[in-house]
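Under my numbering, the first residue of the sequence shown carries the number 5, and numbering increases by one thereafter.
Think of the CB as a built atom: it goes at the ideal place given N, C-alpha and C, for glycine as much as any other residue.
Heads up: the structure comes next, in structure tokens.
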Amino acid sequence: MTLPSTHDVALAAERRTAARLLLAHPLIASDGPHADLFPLIRRHADWLGKRFQQVLGYRLLVDSSYARLFKAGLGAGSGHRLERSTGTPFTPHTYACLALALSVLVTAPEQMLLSHLVADIRAAAADAGIELEETGRAAGKRTLVAALRQLVDWGVLVETEGHVAALAQEAGGEALITIDRELARVVVAGPLSQARDGADLVRRAADPGFGGPRTYVRRMLVETPVVHLDELTDAERDWLRTRQRREAQAFSELLGLETEIRAEGVALVDPEEELTDLHLPGTGTVAQAALLLAERLVERLRPQEPGHPATGGTLVIGVAVPDGLVDEVLAGLIAEYGQRSNWQRGYLDDLPSLREAVLDLLVRMRLMARTGRLRAEGEGLPERYVEEASEGRTVTDVHGARPGGDSWVLLAAAARYATQVTVRPATAAGKVTDFQEELPL
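Put into structure tokens, the structure is as follows:
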């Protein structure tokens, strides 16, 4: 076997660096925070464009002053939300302000006063029949400022004199804003001209097109912390199980990601911990409480005899969390760790708020979920989408792998955070086949 040359190794490393940067930051300006790596993207633009299109169905546009990777969504409830500088997620009203601002900026002059921009946003809202929260009030001003700050972070707006935060000042401050209309035009990745409304835009953006199950599964693997099998249709599970080893090699070469394959699903892991907007373990009250909660729930709810269907076992992707257990555990954690770990006073005094924040993080990490219809049951599929595996193919049966009803579910991937790890003997084929064998629920 011929070993790769030093040039080939360096070339692959450059392309992998550029691909990772685009995946983490789909909009890169030549004079922005990642300006030092922008020449790398331009140098490998053709190769990157072809690979992103082939692997993920993403379109890459590289201009002299910016690079834009047009990612596709994964459907309702699977978005990567925007957040304010405080960590508070954008509200629907904040997204409305952001969309209205973009609609104004694509045809705006190169520079304009902040007050004129706000007036144009209000006029656009009136034309669209959208009732904006009163921007003259403090809350309305802060919401609009959050949207404008996001545009500053993306490089669409440049604060030439003053800052957009001046809008929230009591006296109503002023600022001079420079606008990059080209960037404003490429912010929205979805098919706006085809969509009837917002919900239709989300559905259309998530359609993998000609790539079908192959493209959707790859997007799920790259864009989510873990993919459980019952989150996939029969056709998607069939494709994943027959290709997972080859896909692991491809993701390693393109993005430097390692693949964990278990009976319950597959996860891509980044050894560099760069390609995620979520961290667990992490710092802060919510992340610490979430980690401790996951550990305690795993200890209490571990199934007795999980197994793999191929060996006659029962596949367990999730177990029901009894009513009241989350509050019980969190109350105990507050008493045990809250004071000595300097958890935020607001959470110590408000258990419902802590519960909401912790469960939100665990859901986004795909360690817990609400019961409901899943993709394996046809939920959220695009029109005319392939649902069934090829005739004659047997796919993993996920029926009953997680409970129904109206409750919270602890998912198999939470076992990665168990305080005690049980290692079971390998199968006859010498392979570890499920989460439970390495990191049991």
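Below 7 Å between beta carbons: does that hold for residue i and residue j?
{"i": "Ala422", "j": "Val302", "result": "yes"}
{"i": "Gly77", "j": "Pro212", "result": "no"}
{"i": "Glu240", "j": "Val221", "result": "yes"}
{"i": "Val270", "j": "Leu297", "result": "no"}
{"i": "Ala393", "j": "Glu268", "result": "no"}
{"i": "Thr375", "j": "Ser345", "result": "no"}
{"i": "Ala129", "j": "Leu104", "result": "yes"}
{"i": "Leu322", "j": "Val413", "result": "The identity of residue 322 in the sequence shown is Gly, whereas the question assumes Leu. Yes, they are a contact pair."}
{"i": "Ala172", "j": "Arg146", "result": "yes"}
{"i": "Lys75", "j": "Pro30", "result": "yes"}
{"i": "Met369", "j": "Leu284", "result": "yes"}
{"i": "Asp238", "j": "Val402", "result": "no"}
{"i": "Gly79", "j": "Ala210", "result": "yes"}
{"i": "Ala188", "j": "Leu106", "result": "yes"}
{"i": "Ala418", "j": "Leu365", "result": "no"}
{"i": "Arg207", "j": "Gln198", "result": "no"}
{"i": "Val162", "j": "Thr182", "result": "yes"}
{"i": "Pro307", "j": "Val320", "result": "yes"}
{"i": "Arg397", "j": "Asp242", "result": "yes"}
Classify residue i as buried or exposed, calling it buried when 16 or more other Cβ atoms lie within 10 Å of its own Cβ.
{"i": "Asp438", "result": "Only weak support exists for where Asp438 lies, its pLDDT of 39 falling under 50; the value from the coordinates is given anyway. When all chains shown are included, Asp438 counts as buried."}
{"i": "Pro195", "result": "exposed"}
{"i": "Glu135", "result": "exposed"}
{"i": "Glu441", "result": "With a pLDDT of 34 at Glu441, under the threshold of 50, the modelled position of that residue is not reliable, and no figure is offered here."}
{"i": "Asp184", "result": "buried"}
{"i": "Thr289", "result": "buried"}
{"i": "Gln154", "result": "buried"}
{"i": "Ala361", "result": "buried"}
{"i": "Val425", "result": "Here the model assigns Val425 a pLDDT of 41, short of 50, so the residue's position is not dependable, and the following value carries that caveat. Exposed, by the Cβ-count rule."}
{"i": "Glu3", "result": "This structure leaves residue 3 out entirely; the chain is present only between 5 and 445."}
{"i": "Pro8", "result": "exposed"}
{"i": "Arg420", "result": "buried"}
{"i": "Val13", "result": "exposed"}
{"i": "Leu349", "result": "Position check: residue 349 holds Arg in this sequence, whereas Leu was assumed. Arg349 should be labelled exposed."}
{"i": "Ala203", "result": "exposed"}
{"i": "Leu282", "result": "exposed"}
{"i": "Arg200", "result": "exposed"}
{"i": "Lys435", "result": "Note that Lys435 scores a pLDDT of 39, beneath 50, so its modelled location is shaky and nothing firm can be said."}
{"i": "His11", "result": "exposed"}
{"i": "Ala432", "result": "Annotation note: pLDDT 46 at Ala432 (below 50); position unreliable, coordinate value reported separately. Exposed: under 16 other Cβ atoms inside 10 Å."}
{"i": "Pro113", "result": "exposed"}
{"i": "Leu337", "result": "buried"}
{"i": "Glu395", "result": "exposed"}
{"i": "Arg24", "result": "buried"}
{"i": "Ala373", "result": "buried"}
{"i": "Gly131", "result": "According to the sequence as given, residue 131 is Asp; it is not Gly. Exposed, since its Cβ has fewer than 16 Cβ neighbours within 10 Å."}
{"i": "Leu65", "result": "exposed"}
{"i": "Glu340", "result": "exposed"}
{"i": "Asp331", "result": "exposed"}
Output yes if chain C places a C-beta closer than 7 Å to the C-beta of residue i; else output no.
{"i": "Gln292", "result": "Checking the listed chains, one finds no chain C in this structure; it contains a single protein chain."}
Of the residues the options, which one's Cα is nearest the Cα of residue i?
{"i": "Cys101", "options": "Lys54, Leu236 and Val149", "result": "Val149"}
{"i": "Ala49", "options": "Val362, Arg72 and Asp35", "result": "Arg72"}
{"i": "Val367", "options": "Ala199, Lys75, Ile338 and Ala291", "result": "Ala291"}
{"i": "Arg266", "options": "Pro113, His232 and Ile338", "result": "His232"}
{"i": "Arg55", "options": "Ala188, Leu26, Ser89 and Arg126", "result": "Leu26"}
{"i": "Thr92", "options": "Ala151, Ala373, Gly286 and Thr219", "result": "Ala151"}
{"i": "Gln248", "options": "Thr263, Thr228 and Glu163", "result": "Thr263"}
{"i": "Gly83", "options": "Arg218, Ala193 and Ile338", "result": "Ala193"}
{"i": "Thr219", "options": "Leu244, Arg300 and Leu205", "result": "Leu244"}
{"i": "Tyr99", "options": "Arg63, Gly144 and Arg359", "result": "Gly144"}
{"i": "Phe214", "options": "Ala33, Arg46 and Val59", "result": "Val59"}
{"i": "Tyr70", "options": "Val122, Arg47, Thr228 and Ser34", "result": "Ser34"}
{"i": "Leu236", "options": "Thr95, Pro229 and Gly382", "result": "Gly382"}
Is it a yes or a no for the stretch 259-276 touching the stretch 29-45, going by three-plus beta-carbon pairs under 8 Å?
no
Using 8 Å as the Cβ pair cut-off and three pairs as the minimum, do the stretch 247-264 and the stretch 20-31 touch?
yes
3-residue-minimum beta strand (DSSP E) runs that sit fully inside the stretch 126-185, ordered along the chain:
161-165 and 180-183
Within 8 Å, do at least three Cβ pairs link the stretch 171-187 to the stretch 109-123?
yes
Whether or not the stretch 343-357 and the stretch 375-390 are in contact is what I'm after, with contact meaning three or more pairs of Cβ atoms, one per stretch, closer than 8 Å; do they touch?
no
Using a Cβ distance threshold of 8 Å, determine whether the stretch 395-414 contacts the stretch 364-383, with at least three qualifying pairs required.
yes
Please go through the stretch 77-135 and give each complete beta strand (DSSP E) segment of 3 or more residues, from N-terminal end onward.
115-117
Pick out the complete alpha helix (DSSP H) segments inside the stretch 16-86, 4 residues or longer, and give them in chain order.
42-47 and 49-60
I'd like the ranges of any beta strand (DSSP E) spanning at least 3 consecutive residues and lying wholly in the stretch 377-415.
412-415
Whole runs of the beta strand (DSSP E) within the stretch 264-298, excluding any shorter than 3 residues
269-273
Taking only runs that begin and end inside the stretch 179-219, name each unbroken beta strand (DSSP E) of 3 or more residues, in chain order.
180-183
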